[in-house]
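Visitor: One structure, pasted below without further comment.
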Amino acid sequence: MKFKDGYMISSGYPVKEYIDSALLRHGVLGIKVKIMLDWDPKGKQGPMTPLPDLVTIHPPKDEEESKEKKEYEAVVPPTNIEVPVLV
């Protein structure tokens, strides 16, 4: 096996979309070639659906939002509730 870059998926539904294979004609050595297509969001040169293991990292939220929440919590005064105790 030769890999140019990355890894070759070999099981599951994405194999049907991402792997193209070719088998040479009879009389030639039994060589089977598999080519893994790249993900193409436009769908021109590869599948439109991303691989299931694709991870998207979102940027962290602004600190201003968390400060507003803290200010809101500080504005609310604590309430004293009397609880009757049975003796």
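Each step along the sequence shown adds one to the number in the UniProt record's numbering, with nothing skipped, and position 27 is 27.
Glycine included, each C-beta is placed from N, C-alpha and C at the ideal position.
1. Does the Cβ of Met36 have 16 or more other Cβ atoms within 10 Å, making it buried, or fewer, making it exposed?
2. Can you grab the Cα-Cα spacing for the pair Pro14 / Leu51, in whole Å?
3. If you count every other CB in all the chains shown that lies within 10 Å of the CB of Tyr18, and 16 or more means buried, which is it?
4. Helix, strand or coil, according to DSSP, for Lys42 in the structure here?
5. Whole angstroms is fine: what's the gap from Ser11's alpha carbon to Lys61's?
Guide: To lay it out plainly:
1. buried
2. 7 angstroms
3. buried
4. coil
5. 37 angstroms
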